[in-house]
Amino acid sequence: MCFTQNFWNFLVSGLADGFLYALVAIGYTLVYGVLQLINFAHSEVFMSGGFASLFILQAAIGSSQPHGIASVGFVALGVVGGGIGGALVAYLLERVAYRPLRRRNAPRLAFLISAIGASYFLYNLAGKEFGRNALEIPSPFVNGPVFTIFGATVQTYYIVIAIAAMAMLVLVDRVVAMTKLGKGIRAVAQDAETASLMGVNIDRVIAQTFVLGGLLGGAAGFLFGLNAGVVYTMGFTPALKAFTAAVLGGIGNIRGAMLGGLLLGIAENLPVGCVGTQWRDVVAFGILVVVLIFRPRGILGEQLGRAA
Amino acid sequence: MLLEIEDLEVCYGSIPALKGIDLEVDEREIVALLGANGAGKTTTLRTISGLCHPSRGFVALDGERIDHLGPHEVAGRGIGHVPEGRRIFPRMSVQENLEMGAYRRRGSLRDDFERVFGLFPVLGDRRRQVGGTLSGGEQQMLAIGRALMSGPRLLLLDEPSMGLAPLIVRDIFSIIGQIREEGTTILLVEQNATQALRLADRGYVIENGRIVMADEASRLLADERVRAAYLGEAPPGS
Ligand SMILES: Nc1ncnc2c1ncn2[C@@H]1O[C@H](COP(=O)(O)OP(=O)(O)O)[C@@H](O)[C@H]1O
Ligand SMILES: [Mg+2]
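Line by line, the protein sequences give chains A and B. Reminder that position 124 of the first sequence reads as 648 in the numbering used here, one-by-one numbering, no gaps. Reminder that position 97 of the second sequence reads as 204 in the numbering used here, one-by-one numbering, no gaps.
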């Protein structure tokens with residue numbers, strides 16, 4: 525009863541969350557493809573994107589109240605600013621936390637520890653610099669109900685997320701499928717040594733992969749922050765869920781990350797109407813456990829480690 | 108001299124796989140490098156390509172040392188490498204695999220595609236097919252075509268006949284001859300010594316990381332020790 529009553533509302537909010545998970549999940553999956561490494565500091569890429577967009581929009585909007593065509597410009601500015609902030613941090617992570625370990629052929633565990641260390645460092649630094657309370661991003665548009673569908677109210681915010689995320693998802697899909705950069709990323713994921721024999725500079729492709737994932741993750745930090753504000757700990761839970769989404773879709777598989785993100789967003793929102801918000805994270809991480817036990821290669825994954 | 112290798116020592120960890128190798132390849136030659144499993148043939152090619160680095164000696168291309176370069180830089184100097192086991196990108200199409208071969212090039216690839224599809228018509232028919240679904244022979248053709256797409260001056264071939272049916276091996280060897288006729292220098296690693304020596308101008312025999320024979324291909328083909336060890340014939344007097 526409660527389920528049918530709220531179904532459409534929770535589907536809409538689930539899709540909005542799902543788009544964000546999809547954007548972040550691609551960062552995990554791209555890096556996993558080229559390095560067989562889970563970049564557990566990706567949560568801080570997301571957080572950095574949130575802060576970068578906050579500062580850029582504070583400077584750009586000031587005290588004015590954006591509306592109309594100016595809103596579109598401000599949203600684009602937030603997306604680009606967040607993306608660049610995320611990309612910058614992702615690039616630095618690769619250079620500082622991972623590349624030196626690669627040079628030394630360090631064991632897998634060393635990368636994990638380095639990632640956790642970098643993550644702690646970054647979010648504590650952000651907490652010290654920007655305070656411990658959530659900061660509100662100046663809204664680049666006037667939020668409000670736009671239309672209702674099957675009784676579900678669709679807010680401006682949801683439309684902004686859907687359009688921005690879909691544009692980025694289509695773009696990254698095309699970049700990976702068609703550009704030289706994308707071919708380099710796929711070749712390194714499928715056989716790095718042979719890619720290098722073809723003239724691919726593996727280090728450069730790895731850096732570019734981090735940057736591409738960082739752009740999406742940082743932009744997602746902005747879109748998330750629009751609703752929830754930005755705070756130094758904001759990355760932890762959403763990024764862990766995006767990781768879940770990447771595993772659910774098949775780690776290493778880009779369309780899998782998109783599908784996994786949307787499915788996870790919907791799955792964790794649907795039960796909320798019946799049993800309460802406190803079940804959201806339980807459902808999401810329950811899915812992670814179940815997938816890891818019963819189908820570790822995920823929905824679209826062919827075999828673990830060899831799917832790009 | 109296009110390629111010069113002198114006193115090359117290469118180690119895996121502390122164990123030497125090559126123990127002081129001298130080898131030369133001149134412009135427009137086909138040179139065969141023969142030897143049993145584990146002799147060091149693949150290691151030699153990998154060192155030329157920059158995947159391994161020597162602990163002693165050097166590799167020079169056109170008189171310039173290249174042994175300190177990374178593999179992507181060596182590829183940029185005009186060396187194409189067809190690796191052991193073909194190593195096709197399994198989830199890329201035939202066309203994309205070929206495009207990967209031309210990764211460092213700019214401009215139109217039309218003539219290069221035409222040349223490769225001329226040498227290997229089957230690749231043209233399977234342009235859109237995914238590399239991992241090709242037969243072994245087709246994968247070997249794709250691996251050679253992919254290396255040709257970079258427009259190499261020197262082509263390194265690591266056991267192109269491995270695991271293929273005799274008829275296909277014959278085709279591949281005849282195409283290797285054709286590639287040389289078109290002006291590409293070739294260093295051919297093989298265990299299939301007879302066919303390799305029939306095609307080659309000169310040959311080297313490697314054993315345990317050392318060159319034990321170096322001569323004209325026709326002389327190696329007639330040499331009793333080579334016949335005994337690599338051509339599957341009983342040694343004289345036994
Ligand atoms: N990655 C590796 N690590 C350690 N030893 C290796 C490695 N690759 C090859 N070797 C050793 O080096 C020697 C030469 O191998 P290789 O060059 O592959 O010979 P071939 O191609 O003639 O069969 C062999 O003894 C082999 O066991
Ligand atoms: Mg070998």
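The beta carbon of each residue, even a glycine, is placed where N, CA and C say it ideally should be.
Task: Interface flag, B:His160 vs chain A, CB-CB below 7 Å - done: Taking the second sequence and counting its residues from 1, the one referred to as residue 160 of chain B is at position 53. For B:His160, no Cβ of chain A is located within less than 7 Å of the residue's own Cβ.
Open item on the list: When you compare the CB of B:Tyr210 with every CB in chain A, is at least one pair closer than 7 Å?
Closed with: If you number the second sequence from 1, residue 210 of chain B lands on position 103. Among the residues facing chain A, B:Tyr210 is included, as its CB has a counterpart in that chain under 7 Å away.
TODO: Would you mind stating whether B:Leu130 and B:Gly147 have Cβ atoms separated by less than 7 Å?
DONE: As a first step, residue 130 of chain B is located in the second sequence; it is residue number 23 there, counting from the start. As a first step, residue 147 of chain B is located in the second sequence; it is residue number 40 there, counting from the start. Going by C-beta atoms, B:Leu130 is not nearer than 7 Å to B:Gly147.
Task: 7 Å Cβ cutoff met for A:Ser857 and A:Phe734 - done: What the structure shows of chain A is the stretch from 525 to 832, and residue 857 of chain A is not part of that stretch, so it cannot be assessed.
Open item on the list: By alpha-carbon positions, which one of A:Asn657, A:Ser643, A:Gly723, A:Val620 ends up nearest to B:Arg213?
Closed with: Taking the first residue of the second sequence as 1, we reach residue 213 of chain B at position 106. Looking at A:Asn657, A:Ser643, A:Gly723, A:Val620, the one whose alpha-carbon comes closest to that of B:Arg213 is A:Gly723.
Open item on the list: Going by the DSSP bridge assignment, what does B:Thr292 pair with across the sheet?
Closed with: Residue 292 of chain B sits at position 185 when you count from the first residue of the second sequence. Bridge partners of B:Thr292: B:Leu261.
TODO: Kindly identify the DSSP beta-bridge partner or partners of A:Pro590.
DONE: By 1-based counting over the first sequence, the position of residue 590 of chain A is 66. A:Pro590 is not bridged to any residue.
Task: Counted within 10 angstroms of its Cβ, other Cβ atoms place A:Ala689 as buried (16 or more) or exposed - done: Along the first sequence, one-based indexing puts residue 689 of chain A at 165. By the Cβ-count criterion, A:Ala689 is buried, with 16 or more other Cβ atoms from all chains shown falling within 10 Å of its own Cβ.
Task: Burial state of A:Lys704 (16 or more Cβ within 10 Å) - done: Indexing the first sequence from 1 puts residue 704 of chain A at position 180. Classification for A:Lys704: exposed.
Open item on the list: Can you pull the chain B neighbours of A:Glu717, defined as C-beta to C-beta under 7 Å?
Closed with: Numbered from 1 along the first sequence, position 193 holds the residue referred to as residue 717 of chain A. Think of a sphere of 7 Å around the beta carbon of A:Glu717: the chain B residues whose beta carbon falls inside it are Leu158, in chain order.
- [ ] Starting from B:Ala182, find everything on chain A with Cβ-Cβ shorter than 7 Å and list it in chain order.
- [x] What you label residue 182 of chain B is simply residue 75 of the second sequence in a count that begins at 1. In chain order: Leu721, Met722, Gly723.
Open item on the list: Using a Cβ-Cβ distance cut-off of 7 Å, determine whether A:Ala676 contacts chain B.
Closed with: For the purposes of this step, residue 676 of chain A is taken as residue 152 along the first sequence, with counting starting at 1. No - not a single Cβ of chain B is within 7 Å of the one on A:Ala676.
- [ ] Excluding the 5 residues preceding and the 5 following B:Glu116 in the sequence, name in chain order all residues of the same chain whose CB lies nearer than 7 Å to its CB.
- [x] Sequence index remark: in the second sequence, residue 116 of chain B carries index 9 (1-based). Only Pro123, Leu125, Lys126, Gly127, Pro161, Ser162, Arg163, Gly164 meet the Cβ criterion.
Task: Contacting residues, own chain, Cβ-Cβ under 8 Å from B:Gly208 (five flanking each side not counted) - done: As a first step, residue 208 of chain B is located in the second sequence; it is residue number 101 there, counting from the start. The answer, listed in chain order, is Gly187, Gly252, Arg253, Ala254, Leu255, Met256, Ser257.
TODO: Kindly indicate which three-state DSSP category A:Tyr644 falls into: helix, strand or coil?
DONE: As a first step, residue 644 of chain A is located in the first sequence; it is residue number 120 there, counting from the start. The answer is helix: DSSP assigns A:Tyr644 an H, G or I state.
Open item on the list: Closer than 8 Å between beta carbons: that is the criterion. Which residues of the stretch 693 to 716 of chain A meet it against chain B?
Closed with: Residues passing the 8 Å Cβ filter: Lys704, Lys707, Gly708, Arg710, Ala711, Gln714, Asp715.
- [ ] For chain A, find out if any of its Cβ atoms is closer than 7 Å to the Cβ of B:Met207; answer yes or no.
- [x] Here the question's residue 207 of chain B lines up with position 100 in the second sequence. Chain A, which has a Cβ nearer than 7 Å to the Cβ of B:Met207, makes this yes.
- [ ] Starting from the C-beta of B:Ala321, find all residues in its chain whose C-beta is less than 6 Å away, skip the five residues before and the five after it, and write them out in chain order.
- [x] As a working note, residue 321 of chain B is residue 214 in the second sequence. Answer for B:Ala321: Tyr311, listed in chain order.
Task: Touch test, the stretch 580 to 594 of chain A against the stretch 660 to 670 of chain A, Cβ-Cβ under 8 Å, three pairs minimum - done: With contact defined as three or more Cβ pairs closer than 8 Å, the stretch 580 to 594 of chain A and the stretch 660 to 670 of chain A are in contact.
Open item on the list: Using a Cβ-based criterion (distance less than 6 Å to any ligand heavy atom), does B:Asn144 qualify as near ligand 4?
Closed with: By its list of ligands, the structure shown excludes ligand 4, since it contains just ligand 1 and ligand 2.
Open item on the list: Using only the alpha-carbon positions, how far apart do A:Val814 and B:Val319 sit?
Closed with: By 1-based counting over the first sequence, the position of residue 814 of chain A is 290. By 1-based counting over the second sequence, the position of residue 319 of chain B is 212. Answer to the nearest angstrom: the Cα atoms are 60 Å apart.
Task: ligand 1 heavy atom lying under 6 Å from the CB of A:Gly774 - done: Numbered from 1 along the first sequence, position 250 holds the residue referred to as residue 774 of chain A. No heavy atom of ligand 1 is found nearer than 6 Å to the CB of A:Gly774.
Open item on the list: Quick check on the burial criterion: 16 or more other C-beta atoms within 10 angstroms. Buried or exposed for B:Asn144?
Closed with: What you label residue 144 of chain B is simply residue 37 of the second sequence in a count that begins at 1. Label assigned to B:Asn144: exposed.
TODO: Let me know the beta strand (DSSP E) ranges lying completely inside the stretch 186 to 234 of chain B, each 3 residues or longer, listed in chain order.
DONE: With a minimum length of 3 residues, the continuous beta strand (DSSP E) runs that stay inside the stretch 186 to 234 of chain B are 186 to 189.
Task: Neighbourhood of A:Gly829 by C-beta distance below 6 Å, restricted to the same chain and skipping five residues each side - done: Here residue 829 of chain A corresponds to residue number 305 of the first sequence, with the count starting at 1. Bear in mind that the predicted position of A:Gly829 carries a pLDDT of just 43, short of 50, making it unreliable; the figure below should be weighed with that in mind. Non-local C-beta neighbours of A:Gly829 in its own chain, meaning closer than 6 Å and more than five positions away in sequence, comprise Gln560, ordered along the chain.
TODO: Return the residues of the stretch 119 to 134 of chain B that lie within a Cβ-Cβ distance of less than 9 Å from chain E, sorted by chain order.
DONE: Checking the listed chains, one finds no chain E in this structure; the protein chains it contains are A and B.
Task: Beta-carbon gap between B:Gly185 and B:Arg260 smaller than 7 Å - done: As a working note, residue 185 of chain B is residue 78 in the second sequence. As a working note, residue 260 of chain B is residue 153 in the second sequence. With respect to B:Arg260, B:Gly185 sits close: the two C-beta atoms are nearer than 7 Å.
- [ ] List the endpoints of the continuous beta strand (DSSP E) containing B:Ile128.
- [x] In the second sequence, residue 128 of chain B corresponds to position 21, counting from 1. Where B:Ile128 is concerned, the enclosing beta strand (DSSP E) stretches over 122 to 132.
Task: Own chain residues within Cβ distance below 6 Å of B:Gln302, not counting five before or after - done: Within the second sequence, the letter at position 195 stands for residue 302 of chain B. Close CB contacts of B:Gln302 within its chain, under the 6 Å cut and outside five residues either way in sequence, are with Phe280 (chain order).
Task: A:Pro624 burial status per 10 Å Cβ neighbour count (16 or more: buried) - done: Against the first sequence, residue 624 of chain A aligns to sequence position 100. When all chains shown are included, A:Pro624 counts as exposed.
- [ ] Please confirm whether B:Asp265 and B:Leu152 have their CB atoms less than 7 Å apart.
- [x] Walking along the second sequence from the start, residue 265 of chain B turns up at place 158. Walking along the second sequence from the start, residue 152 of chain B turns up at place 45. B:Asp265 places its beta carbon less than 7 Å from that of B:Leu152.
TODO: Indicate whether the contact test is met: 3 or more Cβ pairs, each with one atom in the stretch 707 to 715 of chain A and one in the stretch 195 to 204 of chain B, closer than 8 Å.
DONE: They touch, by the three-pair rule.
TODO: Answer yes or no: the CB of B:Thr154 versus the heavy atoms of ligand 1, is any distance below 6 Å?
DONE: Along the second sequence, read from residue 1 onward, the residue named residue 154 of chain B stands at position 47. B:Thr154 Cβ: outside cutoff for every heavy atom of ligand 1.
Open item on the list: Taking a contact to mean a Cβ-Cβ separation below 7 Å, would you say A:Gly542 touches A:Gly573 in this structure?
Closed with: For the purposes of this step, residue 542 of chain A is taken as residue 18 along the first sequence, with counting starting at 1. For the purposes of this step, residue 573 of chain A is taken as residue 49 along the first sequence, with counting starting at 1. Contact flag unset, no.
TODO: Can you say whether B:Val181 is buried or exposed, counting buried as having 16 or more other CB atoms within 10 angstroms of its CB?
DONE: Along the second sequence, one-based indexing puts residue 181 of chain B at 74. Buried, since its Cβ has 16 or more Cβ neighbours within 10 Å.
Open item on the list: So the candidates are A:Ala540, A:Leu535, A:Val536, A:Glu568; which of them puts its Cα closest to the Cα of A:Gly551?
Closed with: Numbered from its first residue, the first sequence carries residue 551 of chain A at position 27. Ranking the options by Cα distance to A:Gly551, first place goes to A:Glu568.
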